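Protein chains in written order, with this note's numbering: chain A, 1 to 244; chain B, 1001 to 1244. Ideal placement from N, C-alpha and C gives every residue a C-beta, glycine not left out. Note that the coordinates shown come from a computational prediction; the quantities given were computed from them, not determined experimentally. Below: one structure, written as structure tokens.
2 protein chains.
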Amino acid sequence: MDMRTKILDSAEAQFAQRGYHGVSMRQVADGASASISLVQYHFKTKEALFGAVMERRITTINHDRLRRLDAVEVDSARSGSSLRLEDVLHAFLAPTVLLSRDRTSGGNYYAQLISQVTNDPQPHARAVSKAYTDPIARQTIRVLQLALPDLDRATLTWCYIFAVGSMVSAISPTGRVRVLSNDDCDPDDVNTILAILVPFLCGAFERVNDLARAGKLPKGKALAAAMPLPPAPRAKARRKVPAT
Amino acid sequence: MDMRTKILDSAEAQFAQRGYHGVSMRQVADGASASISLVQYHFKTKEALFGAVMERRITTINHDRLRRLDAVEVDSARSGSSLRLEDVLHAFLAPTVLLSRDRTSGGNYYAQLISQVTNDPQPHARAVSKAYTDPIARQTIRVLQLALPDLDRATLTWCYIFAVGSMVSAISPTGRVRVLSNDDCDPDDVNTILAILVPFLCGAFERVNDLARAGKLPKGKALAAAMPLPPAPRAKARRKVPAT
DNA sequence: GTCTATATTTAGATAGAC
DNA sequence: GTCTATCTAAATATAGAC
Chain A
1 MDMRTKILDS
11 AEAQFAQRGY
21 HGVSMRQVAD
31 GASASISLVQ
41 YHFKTKEALF
51 GAVMERRITT
61 INHDRLRRLD
71 AVEVDSARSG
81 SSLRLEDVLH
91 AFLAPTVLLS
101 RDRTSGGNYY
111 AQLISQVTND
121 PQPHARAVSK
131 AYTDPIARQT
141 IRVLQLALPD
151 LDRATLTWCY
161 IFAVGSMVSA
171 ISPTGRVRVL
181 SNDDCDPDDV
191 NTILAILVPF
201 LCGAFERVND
211 LARAGKLPKG
221 KALAAAMPLP
231 PAPRAKARRK
241 VPAT
Chain B
1001 MDMRTKILDS
1011 AEAQFAQRGY
1021 HGVSMRQVAD
1031 GASASISLVQ
1041 YHFKTKEALF
1051 GAVMERRITT
1061 INHDRLRRLD
1071 AVEVDSARSG
1081 SSLRLEDVLH
1091 AFLAPTVLLS
1101 RDRTSGGNYY
1111 AQLISQVTND
1121 PQPHARAVSK
1131 AYTDPIARQT
1141 IRVLQLALPD
1151 LDRATLTWCY
1161 IFAVGSMVSA
1171 ISPTGRVRVL
1181 SNDDCDPDDV
1191 NTILAILVPF
1201 LCGAFERVND
1211 LARAGKLPKG
1221 KALAAAMPLP
1231 PAPRAKARRK
1241 VPAT
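Okay, structure coming up:
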């Protein structure tokens, strides 16, 4: 295996586990049994290295996603029926969710990286988002629109953002779902995740679409005062939340 | 204002913007016009400082959440009607979403910190999650269960995780929703966010609950092979996704 | 409580040999 | 392409004066 690849592998694994700032170029080099200067020879800066790590995986994922999205569109065209939201969501979610626990291909690292990038406002993350995930997002939103004709673009975009957030939380290896469920959930059981997440989001999009069709989604800032804070109730014993 | 508070403020603002590893003790000290040693005198280590930053805000938020959750329970008890899922979700989401854009109180920083912590597998983040957000999560799940009697604990916990992910994506100040919507969305319009997010998640939970009641949610790993990969279609022109 | 001064380690980056 | 050696800046942390 060539050094460039070894360096990418090392960087990917470490960035995934400890984040962009949590990893030094030296650690990346050590992980690849190379010298720091070689890392900088190949990738020049840390940010460029991070971008290269993301690019390598994301191309594959996005091809998979587009292939599935196409299949959904083709199927609905062939059968003459309209596009099924559930299929669109599955096409969007499955590639990432399935890969997120695949340790043999390094897909698990990709999942962690995407989790970091998604909600991070910092430049290195926004650059990756802009270059690699925004294009596929626009395409997905376009297909979602076909299945959700009553949603305006603003509302649909918000829903897309929410959906991505759900997916990211589903694949982040924090172990939290196991803790909160008292071991009832297996965070590595991707099939169960998909079996719940797809209908979850399906119901979510359709509910908002229904409300929009009924004209019950206030546009803009119309409802600023519509949801007032309830007065502090003293009706039952105060529940304690541990402060430490 | 005392130094300890100034240091907490400085740390909060910087951790929020650049993350745990992206901020040094020196930068925290400089931001508070103090010396590094003073920071270490008050908080000993960086991880302890991070924990202190989180604790300060989270107590307030959790009280607000519990107050609202209680109000929902009391209301439903008083009216004799069953608990409305929409109210539970609003009680859970509103405190964080509303605060997430409040620059006068520093709530915007809290929102960013929660975003970081939620999906981060690293020790400093898990420690915060365990100490401060898991207790309120358990309480919220318990109340959700009242409104969703057909969900088993595992499925409900997964749905809760998904919901938190949506909320976090909704409040993360990445500007992505603005970009993807071509400026149709205003990321700071928290009332619109809530007006979409609440029914979005409401529809999501109810859909999964309906499926569970109908026995259509395969438990465990039953459906491993149920969703095969579709064959690569060549039916239409390949869409291009920018590779850079 | 708050500071200066300092110790030790590590960061990202470069120059130049091979 | 890959290395050693080195630079400069920055990191966390401590000791000790006030």
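With residue i and residue j assumed to form a contact (beta carbons below 8 Å), what rounded beta-carbon distance in angstroms separates them?
{"i": "Leu1156 of chain B", "j": "Leu1148 of chain B", "result": "6 Å"}
{"i": "Pro1121 of chain B", "j": "Thr174 of chain A", "result": "5 Å"}
{"i": "Ala1013 of chain B", "j": "Gly1031 of chain B", "result": "7 Å"}
{"i": "Val1208 of chain B", "j": "Phe162 of chain A", "result": "The pair is not a contact, with the Cβ atoms about 15 Å apart (cut-off 8 Å)."}
{"i": "Leu144 of chain A", "j": "Val88 of chain A", "result": "6 Å"}
{"i": "Ser1081 of chain B", "j": "Ser166 of chain A", "result": "With 8 Å as the limit, Ser1081 of chain B and Ser166 of chain A do not qualify as a contact, their Cβ atoms being about 29 Å apart."}
{"i": "Arg56 of chain A", "j": "Asp150 of chain A", "result": "Contact doesn't hold; Cβ gap of about 39 Å is too wide."}
{"i": "Ala154 of chain A", "j": "Cys1185 of chain B", "result": "5 Å"}
{"i": "Ile1114 of chain B", "j": "Val1168 of chain B", "result": "7 Å"}
{"i": "Ile136 of chain A", "j": "Arg65 of chain A", "result": "6 Å"}
{"i": "Val92 of chain A", "j": "Thr140 of chain A", "result": "The residue you asked about is not Val; residue 92 of chain A is Phe in the sequence shown. Between Thr140 of chain A and Phe92 of chain A the Cβ distance is about 5 Å, and since that is below 8 Å, they are a contact."}
{"i": "Arg1068 of chain B", "j": "Ser1076 of chain B", "result": "Actually they are not in contact, since the Cβ atoms of Arg1068 of chain B and Ser1076 of chain B sit about 13 Å apart, beyond 8 Å."}
{"i": "Ala1125 of chain B", "j": "Gln1112 of chain B", "result": "Not a contact, Cβ separation roughly 13 Å."}
{"i": "Gly19 of chain A", "j": "His1063 of chain B", "result": "Not confirmed; about 31 Å, so no contact."}
{"i": "Met1 of chain A", "j": "Ala34 of chain A", "result": "Met1 of chain A to Ala34 of chain A, Cβ: 12 Å. No contact."}
{"i": "Met127 of chain A", "j": "Gly51 of chain A", "result": "Checking the sequence shown, residue 127 of chain A turns out to be Ala, not Met. Sure, about 6 Å apart at Cβ, within 8 Å."}
{"i": "Val1039 of chain B", "j": "Ile1007 of chain B", "result": "6 Å"}
{"i": "Val1072 of chain B", "j": "Thr1118 of chain B", "result": "Rounded, the Cβ-Cβ distance is 23 Å, inconsistent with contact."}
What first and last residue would you give for the alpha helix (DSSP H) that runs through residue i?
{"i": "Arg178 of chain A", "result": "176-180"}
{"i": "Pro1135 of chain B", "result": "1134-1147"}
{"i": "Cys1202 of chain B", "result": "1190-1213"}
{"i": "Gly1019 of chain B", "result": "Element bounds for Gly1019 of chain B: n/a, residue is neither H nor E."}
{"i": "Ser1079 of chain B", "result": "1046-1079"}
{"i": "Thr1096 of chain B", "result": "1085-1099"}
{"i": "Gly1106 of chain B", "result": "Element bounds for Gly1106 of chain B: n/a, residue is neither H nor E."}
{"i": "Cys159 of chain A", "result": "153-171"}
{"i": "Leu1038 of chain B", "result": "1036-1043"}
{"i": "Pro1123 of chain B", "result": "1123-1128"}
Measuring CB atoms only, is the region 1086-1103 of chain B touching the region 1008-1023 of chain B, in the sense that at least three cross pairs come out at less than 8 Å?
No, the region 1086-1103 of chain B does not touch the region 1008-1023 of chain B.
Kindly confirm or deny that the region 178-186 of chain A and the region 1197-1217 of chain B touch, where touching means at least three C-beta pairs closer than 8 Å.
Taking one beta carbon from each stretch, the region 178-186 of chain A and the region 1197-1217 of chain B have fewer than 3 pairs nearer than 8 Å; the two do not touch.
Would you say the region 1022-1042 of chain B touches the region 1100-1116 of chain B, given that touching needs at least three Cβ pairs under 8 Å?
Flag = no, the region 1022-1042 of chain B and the region 1100-1116 of chain B do not touch.
For the region 1123-1144 of chain B, which residues have a CB atom closer than 7 Å to at least one CB atom of chain A, in sequence order?
Listed by position along the chain: Arg1126, Ser1129, Ala1131, Asp1134, Pro1135, Ile1136, Ala1137, Arg1138, Gln1139, Ile1141.
Quick one: which residues of the region 1160-1180 of chain B get their C-beta closer than 8 Å to a C-beta of chain A? List them in chain order.
Result list: Tyr1160, Ile1161, Phe1162, Ala1163, Val1164, Gly1165, Ser1166, Met1167, Val1168, Ser1169, Ala1170, Ser1172, Pro1173, Thr1174, Gly1175, Arg1176, Val1177, Val1179, Leu1180.
Within 7 Å of chain A by C-beta, residues of the region 1057-1083 of chain B in sequence order
Cβ contacts with chain A: Thr1059, Asn1062, Leu1066, Arg1067, Arg1068, Asp1070, Ala1071, Val1074.
Got a sec: which bits of the region 1144-1158 of chain B sit with their beta carbon under 7 Å from any beta carbon on chain A, in order along the chain?
Of all residues in the region 1144-1158 of chain B, Arg1153, Ala1154, Thr1155, Thr1157, Trp1158 have a Cβ within less than 7 Å of some Cβ in chain A.
Interfacial residues, the region 193-206 of chain A to chain B, with Cβ spacing under 8 Å:
Of all residues in the region 193-206 of chain A, Ile193, Leu194, Ala195, Ile196, Leu197, Pro199, Phe200, Leu201, Cys202, Gly203, Ala204, Phe205, Glu206 have a Cβ within less than 8 Å of some Cβ in chain B.
Check each residue of the region 89-116 of chain A: if its Cβ is closer than 8 Å to any Cβ of chain B, include it; give the result in chain order.
Listed in chain order, the positions of the region 89-116 of chain A with a beta carbon within less than 8 Å of a beta carbon of chain B are His90, Ala94, Gln112, Ser115, Gln116.
Below 8 Å, can you find three or more Cβ-Cβ pairs linking the region 124-132 of chain A to the region 53-67 of chain A?
Touching, yes.
Quick one: which residues of the region 1017-1037 of chain B get their C-beta closer than 9 Å to a C-beta of chain A? List them in chain order.
Residues passing the 9 Å Cβ filter: Gln1017, Arg1018, Gly1019, Tyr1020, His1021, Gly1022, Val1023.
Interfacial residues, the region 1-14 of chain A to chain B, with Cβ spacing under 8 Å
So the list is empty, because no residue satisfies the distance condition.
Selection of the region 43-55 of chain A by Cβ proximity to chain B, strictly under 8 Å:
Contact residues of the region 43-55 of chain A toward chain B are Glu55 (C-beta to C-beta distance below 8 Å).
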